[in-house]
Every structure is written in structure tokens, then in C-alpha cells.
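Trainee: Quick note on numbering: the UniProt record's numbering labels position 167 of the sequence shown as 167, and the sequence is numbered without any gaps.
Note that beta-carbon positions come from the ideal geometry of N, C-alpha and C, so glycine has one too.
Take a look at this one; I'll ask things after.
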Amino acid sequence: MTRVLVIEDEPQIVRALRINLRTRDYEVDTAADGRTALEAAARRHPDVVLLDLGLPDMDGVEVIRGLRGWLNVPIIVLSARHASAEKVQALDAGADDYVTKPFGMDELLARLRAAVRRAAPADQDAVVDAGDFSVDLAAKKVHRDGADIRLTPTEWHILEVLVRNAGRLVGQRQLLREVWGPAYEKETNYLRVYLAQLRRKLEPDPAHPRHLITEPGMGYRFEL
């Protein structure tokens, strides 16, 4: 299921979005201010963000910049600001689309579907076969010996980052930033714990991994 983070401080709009999105099988998380939103994004790893610019604690453009420092998912701005300069500022900060309030729910949902489609990997790159297991990036599933392997959201996010950078070193700080957020760049013990869990689930011989490789003191690498 596609996870949507709604960053909005107007309860009526939050309620309408939650009802309409859940009816269409989206998972929905909400945040009423910028700080809570950044924490929720780091914790819940949304697939798409709906963001109001007029938040009580910080400007929405600051939130966009904070998210774009480590999160590469579609951000759709919802705002009552109609001035072209403010739209340009939000788009330049990293927003993918801009919807002015009041908006029609059908139009917003269509824009959301389009943003998710654009962010999806190309078909030819969607399934990565490592031999011992395969990773379906589009479906967010891992298959081994004809069965799905159950991963936690955090395990999946780590694996996804490594697979999308197959053959390349992903630094410890980069991986921590992309999975947990910028506040966790020094928590290298998190990576040791989760990589050990992934190896137990995916590697034929977890003590001698062939696919999830540690580069001591530097980071990790995914090898086919």
C-alpha cells in the first residue's frame, strides 16, 4: 500500500483527506506542524507527502528543504497562497506539484496518482535478481525459494537504498540519513543490528555474506 504523509493543521481538511485516501486504500499518517512532520517522515518513510505551507511552527518551504535533504519522494503542496513567486519558491525548494486551496478532491487524487506513477521505478528495473533472492522494488517485496520474505519497514528501506545503488558503496551517514533522517547520522549501531537481521533473512550463509557487504569504517554495498 502507498503511504501518504499529510502535513496540515486544519482539522477539517485533515479529516477529509484521511477519509478519501483510506477509502482508496492508501495508508495515511498526519502531522499538524513542521517538527512533527519531519519526525514522522523519518519514522514512517512515506511514499508521497501532501504539505500545507502555512504551518504553525515553521514555513512549509522549510519543511520541504528539510525533507529534501534526505527523502526522495513526491511532495505535493496544498496552499491558499496564489502568488507566482511563492509557488516558484516551493517548487525550487523541491516540491513536485502545487495545488491551490480550495481544491477539488478528484483533482488532488489524480495529481497524487500521477506523482506516485512518476516516482515508480521503470518496469525493466523493478525486479532485481540476486540469484539467492529477488527484490521487487515496485511491489516492495522480496522473494526467496518461491516465497515472500517478510521484512519490517526499516529493513525494507535499508535494502531498497542498497539495491538502488547496487555495486556502489553507500556511506554509513548517507544510509542513516535516508532511512532514519538527518538526526541519526552518528547512530552506526542501528546499521549493524539491521544488516545482521537482513543477512539472517536473505543470505545463504549470514556469517559470510555474498550480497550485503560491509566496507569497514565506510559503509555498505549490495552485490548481485
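Which residues does DSSP list as the beta-bridge partners of His143?
Mentor: In DSSP, His143 forms a bridge with Ser134 and Asp148.
Trainee: Is the segment 20-32 close to the segment 129-138, with three or more CB pairs under 8 Å?
Mentor: Not touching, per the Cβ criterion.
Trainee: Quick check: what's the CA-CA separation for Ile149 versus Ile76?
Mentor: If you take the alpha carbons of Ile149 and Ile76, they lie about 32 Å apart.
Trainee: Between Pro216, Gly60, Pro209 and Met218, which has its C-alpha nearest Leu224's C-alpha?
Mentor: When only C-alpha atoms are compared, the closest one is Pro209.
Trainee: Is the separation between the beta-carbon of Val14 and that of Pro74 shorter than 8 Å?
Mentor: No, the pair does not count as a contact, with Cβ atoms beyond the cut-off.
Trainee: May I ask you to report which of helix, strand or coil DSSP gives Glu185?
Mentor: In this structure, Glu185 counts as coil in the three-state DSSP scheme.
Trainee: For Ala207, is the classification buried or exposed, using 16 other Cβ atoms within 10 angstroms of its Cβ as the cut-off for buried?
Mentor: It is exposed - the Cβ of Ala207 has fewer than 16 other Cβ atoms within 10 Å.
Trainee: Mark Ala80 as exposed unless 16 or more other C-beta atoms lie within 10 angstroms of its C-beta, in which case mark it buried.
Mentor: When all chains shown are included, Ala80 counts as exposed.
Trainee: For Tyr190, which of Leu202, Arg168, Gly219 and Gly167 has the nearest alpha-carbon?
Mentor: Comparing Cα-Cα distances from Tyr190 to each of Leu202, Arg168, Gly219 and Gly167, the minimum goes to Gly219.
Trainee: Whole-angstrom Cβ separation of Glu8 and Leu78, contact assumed at under 8 Å?
Mentor: Glu8 to Leu78, Cβ: 7 Å. Contact.
Trainee: Do the segment 45-64 and the segment 83-102 touch if we need at least three Cβ pairs shorter than 8 Å?
Mentor: At 8 Å Cβ cutoff, the stretches touch.
Trainee: Leaving out the 5 sequence neighbours to the left and right, which residues in its chain are closer than 7 Å to Leu182 when beta-carbon positions are compared?
Mentor: According to the sequence provided, residue 182 is Pro. The question's Leu does not apply to it. Same-chain partners within the cutoff: Gly69 and Trp70.
Trainee: Kindly list the residues whose CB is nearer than 8 Å to the CB of Ile213, restricted to its own chain and excluding five residues on each side of it in sequence; keep chain order.
Mentor: Once the five neighbours on either side are set aside, the close Cβ partners of Ile213 are Tyr220, Arg221, Phe222 and Glu223.
Trainee: Tell me, to the nearest whole angstrom, how far the beta carbon of Val179 is from that of Val128; I am working on the premise that it is less than 8 Å.
Mentor: Actually they are not in contact, since the Cβ atoms of Val179 and Val128 sit about 18 Å apart, beyond 8 Å.
Trainee: Specify, as a first and last residue, the run of the alpha helix (DSSP H) that Glu155 falls within.
Mentor: Pro153 to Arg164 is the extent of the alpha helix (DSSP H) around Glu155.
Trainee: Exposed or buried, Asp96, counting other C-beta atoms within 10 Å across all chains shown (16 or more means buried)?
Mentor: Buried, since its Cβ has 16 or more Cβ neighbours within 10 Å.
Trainee: Can you name, in chain order, every residue of its own chain whose Cβ lies under 8 Å from the Cβ of Tyr194, other than the five neighbours on each side?
Mentor: For Tyr194, where only same-chain residues beyond five positions count, the Cβ hits under 8 Å are Thr154, Glu155 and Ile158.
Trainee: Determine the DSSP secondary structure at Arg81, reduced to helix, strand or coil.
Mentor: In the structure shown, Arg81 sits in coil (DSSP, three-state: anything other than H, G, I, E or B).
Trainee: Val48: which of Val4, Leu176, Met58 and Asn165 sits nearest, CA to CA?
Mentor: It is Val4 whose Cα lies nearest to the Cα of Val48.
Trainee: Determine, using beta carbons only, whether Asn189 comes closer than 8 Å to chain C.
Mentor: Although the question refers to chain C, the structure presented lacks it and comprises just one protein chain.
Trainee: Taking the alpha-carbon positions, what's the Val99 to Asn72 distance?
Mentor: Cα-Cα distance, rounded: 20 Å.
Trainee: Which whole-angstrom value describes the C-beta separation of Ala119 and His211, a residue pair presumed to lie in contact below a C-beta threshold of 8 Å?
Mentor: Going by Cβ atoms, the distance from Ala119 to His211 rounds to 25 Å, so no, they are not a contact pair.
Trainee: Quick one: using the 10 Å Cβ neighbour count with 16 as the cut-off for buried, is Ala83 buried or exposed?
Mentor: So Ala83 counts as exposed.
Trainee: Exposed or buried, which one is Asp52 when buried takes at least 16 other CB atoms within 10 Å?
Mentor: It counts as buried.
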